[in-house]
Amino acid sequence: WLTNRAYAVTHSKYRSKGNVIGVFNGRQPAVLVMKPELIKDVLIKNFKQFQDNEFADSISKDSDPIFARNPFMLKGEEWKEKRAEVTPAFTASRMKALFPFVEDVSNRMKQYIAQHTTKGPIETRELCAKYTTDVVSSCIFAADAQSFTKEKAEIREMGRKLLEPNFQIVVMFLLIGLIPALKKLIKISFVSKEIEQFFTDLMEKAVAYREQNNVKRVDYLDHLMALRAKKQLSSLDMAAHGVTFFIDGFETSSLAMCFTLYELARNPDCQETLRNELMAARNEDGSIDYDALLELPYLDQVLYEALRIWPPAAFLSKVCTVPTELEVTDGQKVLIERGLPVMLPVWAVHRDKEYYEEPERFNPDRFSPATGGTKVYREKGCFLPFGDGPRQCLGMRFALMQVKRGLFEVITKYEVSVNSKSKQPIQLDPKTFIVCPLGGIWLDYKPIEA
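Residues in the sequence shown are numbered consecutively from 3, following this note's numbering.
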């Protein structure tokens with residue numbers, strides 16, 4: 003399931019065989035739901051019966067006290083409780099309060115590009131990872147991660163370790179695939195003790211500094227400190243919330259920004275159209291206001307089209323918690339048994355010509371407000387970069403905001419084009435659990451003459 007070829011083969015092999023297909027993932031029987039309307043049933047209409055994520059049983063608070071507290075891994079009522087704790091941190095007013103910190107990091111990125119673009123192409127996945135690392139570090143820990151100025155900056159390296167492919171984890175998943183019963187016995191640790199200790203210490207120091215110096219700053223740490231006072235959160239709970247925000251705001255956002263820049267580099271006409279829109283929205287000093295950034299339709303179209311072609315997750319995988327019937331065609335139902343994984347092929351749906359004309363082509367106009375934007379596709383169940391339903395990505399608003407601000411900084415200052423060092427077409431890294439390019443994405447950045 004872990005290569006782009008596998009995503010495509012999965013769809014072409016089963017598309018003609020029905021709307022719901024029985025498959026084996028290793029030796030684990032599973033259900034592959036092919037029809038967008040049924041995907042919506044799983045994520046929204048029958049949410050209570052499919053609310054748990056598949057890998058939740060593979061982890062425990064003993065084996066991994068940090069990641070086991072991540073809302074993605076939590077089940078049932080505990081998931082609802084933890085999500086309710088952090089939801090107030092993502093309101094529109096809080097996003098606006100975070101915007102100056104995002105601006106500050108955008109300016110640091112601008113300086114970094116100016117220093118490096120004369121030396122040749124810039125590996126853009128790493129550029130975007132530095133950017134999002136510094137943004138989330140500022141918003142969570144009020145810390146300067148120094149990703150743009152310091153070689154092997156500590157928070158950047160810990161972020162790399164947190165999400166880099168781990169041989170032990172891959173082996174564990176292979177074993178569970180071969181012997182599904184092991185899922186209840188083998189408990190996987192995604193977060194090493196080194197990383198757990200690092201983020202716990204970072205959170206404790208940030209809290210202590212703020213308390214000792216009576217610092218008032220509207221950010222995610224401020225929200226967590228208020229939550230701690232209200233619910234007596236432990237240091238581990240605080241660190242787990244911090245790592246959750248870090249993961250959600252760092253890796254998937256950096257990849258979304260990277261893939262968007264890649265598609266703009268390949269499509270100079272789209273790049274120029276976007277640049278014209280961004281330039282027109284600038285203030286006299288070249289900056290942009292938060293509200294203005296959110297009211298740029300073509301920027302939305304470009305970003306959503308990149309997320310369609312390169313969704314953060316190729317599959318969503320749920321577990322049936324109560325025996326449930328899905329209506330696969332008019333009058334015909336299929337019973338999904340309790341405990342059966344239900345796989346939702348986001349990649350395949352996003353690239354299906356039945357739902358998208360010329361699906362391999364980067365075409366932001368397909369999401370034009372004049373034709374309904376993304377709403378039309380969401381209602382059909384065929385636009386799922388953030389999932390859908392009650393467990394839709396909670397950090398979506400923050401992710402879009404920081405990516406848009408980063409794109410604004412790059413596109414108003416540089417023309418980007420694909421360098422020959424980039425592998426074409428993009429191959430995906432088979433060792434990761436999200437959609438990552440293999441070998442990096444190398445782009446040339448040509449300064450725009452004022």
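For each residue, glycine too, the CB sits at the ideal point set by N, CA and C.
Inter-residue CB distance, G391 and F92 (contact presumed, cutoff 8 Å): In this structure G391 is not in contact with F92, their Cβ atoms being roughly 17 Å apart against a cut-off of 8 Å.
Using C-beta distances below 8 Å, list every residue in its chain close to V220, excluding the 5 sequence neighbours before and after it, in chain order. Only R96, A99, L100 meet the Cβ criterion.
Compute the Euclidean distance between the alpha carbons of T434 and R230, then round it to the nearest angstrom. When rounded, the distance between both Cα atoms is 34 Å.
Below 8 Å on the Cβ atoms is my contact criterion, and I expect V420 with R268 to pass it. Report the Cβ-Cβ distance as a whole number of Å. About 6 Å separates the beta carbon of V420 from that of R268, a gap short enough to meet the 8 Å contact definition.
Within 10 angstroms of the Cβ of N215, are there 16 or more other Cβ atoms? Answer buried if so, exposed if not. Burial check for N215: the Cβ neighbour count within 10 Å stays below 16, so the residue is exposed.
Is it true that the CB of G442 sits closer than 8 Å to the CB of M111? M111 places its beta carbon 8 Å or farther from that of G442.
Can you give me the C-alpha to C-alpha distance between Y211 and D224, rounded to a whole angstrom? For Y211 and D224, the distance between alpha carbons rounds to 12 Å.
Within the stretch 368 to 392, note down every full alpha helix (DSSP H) run reaching 4 residues or more, in order along the chain. Counting only runs of 4 or more residues that sit fully inside the stretch 368 to 392, the alpha helix (DSSP H) segments are 377 to 382, in chain order.
Going by beta carbon distance, what residues of the same chain come within less than 7 Å of C322, once the five residues before and after it are set aside? Excluding residues up to 5 positions away in sequence, Q51, F52, I338, E339, R340, G341, L342, V344 lie with their Cβ nearer than 7 Å to the Cβ of C322 in the same chain.
V138 (DSSP reduced to helix, strand or coil): In the three-state scheme derived from DSSP, where H, G and I count as helix and E and B as strand, V138 is classed as helix.
Other residues of its chain near D446: CB distance less than 6 Å, five sequence neighbours each side excluded: Correct list, in chain order: P123, S419, N421.
Anyone know if the C-beta pair for K355 and P347 falls short of 8 Å? P347 sits away from K355, with the two beta carbons spaced by 8 Å or more.
Could you tell me how far apart the beta carbons of M192 and F69 are, in whole angstroms, since I believe they sit closer than 8 Å? The sequence given here has Phe at residue 192, not Met. For a cut-off of 8 Å, the C-beta gap from F192 to F69 is around 4 Å, short enough to register as a contact.
Hey, is the stretch 377 to 396 in contact with the stretch 29 to 47, meaning 3+ C-beta pairs nearer than 8 Å? With the cut-off at 8 Å, the stretch 377 to 396 and the stretch 29 to 47 touch.
Looking at F201 and G161, is the spacing between their C-beta atoms short of 8 Å? When the beta-carbon positions are compared, G161 and F201 stay at least 8 Å from each other.
Unbroken stretches of the alpha helix (DSSP H), 4 residues or longer, contained in the stretch 274 to 353: Segments of the alpha helix (DSSP H) lying fully in the stretch 274 to 353: 292 to 295, 299 to 311, 348 to 352.
Looking only at DSSP bridge pairs, what is I23 linked to? According to DSSP, which records beta bridges pairwise, I23 is partnered with L34.
6 Å CB neighbourhood of C130 in its chain, flanking five on each side removed: Taking C130 as the centre and dropping the five residues before and after it, the same chain places the C-beta of S256, M259, C260 closer than 6 Å to its C-beta, in chain order.
Backbone secondary structure at Y358 - three-state DSSP: When DSSP states are grouped into helix, strand and coil, Y358 belongs to the coil group.
Could you tell me the boundaries of the beta strand (DSSP E) in which L430 lies? Where L430 is concerned, there is no enclosing beta strand (DSSP E), given that its DSSP letter is neither H nor E.
Quick one: using the 10 Å Cβ neighbour count with 16 as the cut-off for buried, is A86 buried or exposed? With fewer than 16 other Cβ atoms within 10 Å, it is exposed.
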